[in-house]
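Colleague: Residue numbers (my numbering): 13 to 176.
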């Protein structure tokens with residue numbers, strides 16, 4: 013009988029351990045390890061995406077218009093993923109390493125997010141948040157938006173750029 017109790021305890025421990033490990037791994041995702049990107053690294057990313065429409069969103073967690081745009085970018089990413097469109101977010105937060113990953117997780121952001129690294133603000137002459145730069149398939153800047161822009165407006169612009 014004591015052998016049976018031992019097996020039940022062992023099995024219970026194994027199930028509990030496995031469940032705990034599964035829950036831990038399920039709650040860890042890319043948003044937990046967001047890295048900085050410099051202007052030169054971003055140029056390399058843009059070069060790799062030539063032939064696609066690329067949206068670069070410069071934003072901050074404390075910016076209300078930025079937060080308002082994010083659900084639209086999530087929807088657009090879902091709509092165009094694998095269809096010639098890439099969305100990249102770059103967060104400009106003083107304590108980015110601490111505040112951005114939980115914000116990304118809370119908002120359910122599903123597109124690549126980076127923290128601002130050297131030269132990004134200067135490269136884009138950043139003056140206000142959000143600033144969104146849209147690149148055409150030729151790799152050249154097609155448009156720059158300063159301030160909030162609706163999902164519908166971005167969607168129409170993406171559609172036009174994909175036709176070119």
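Beta carbons are placed, not taken as given, at the ideal position from N, Cα and C, and that holds for glycine.
Nearest-angstrom Cα distance between residue 170 and residue 65?
Modeller: 7 Å
Colleague: Less than 8 Å between the C-beta atoms of residue 103 and residue 127, yes or no?
Modeller: yes
Colleague: If I follow the unbroken alpha helix (DSSP H) through residue 135, where does it start and stop?
Modeller: 132–135
Colleague: Can you have a look at residue 109 and say buried or exposed, based on whether 16 or more other CB atoms are within 10 angstroms of its CB?
Modeller: Exposed: under 16 other Cβ atoms inside 10 Å.
Colleague: Once DSSP output is grouped into helix, strand and coil, what is the label at residue 27?
Modeller: No answer about residue 27 holds up, because its pLDDT of 43 lies below 50 and its placement is not dependable.
Colleague: Residues bridged to residue 68 by DSSP?
Modeller: 100 and 145
Colleague: Specify whether the region 80–100 and the region 117–132 touch according to this definition: at least 3 beta carbon pairs, one from each stretch, less than 8 Å apart.
Modeller: yes
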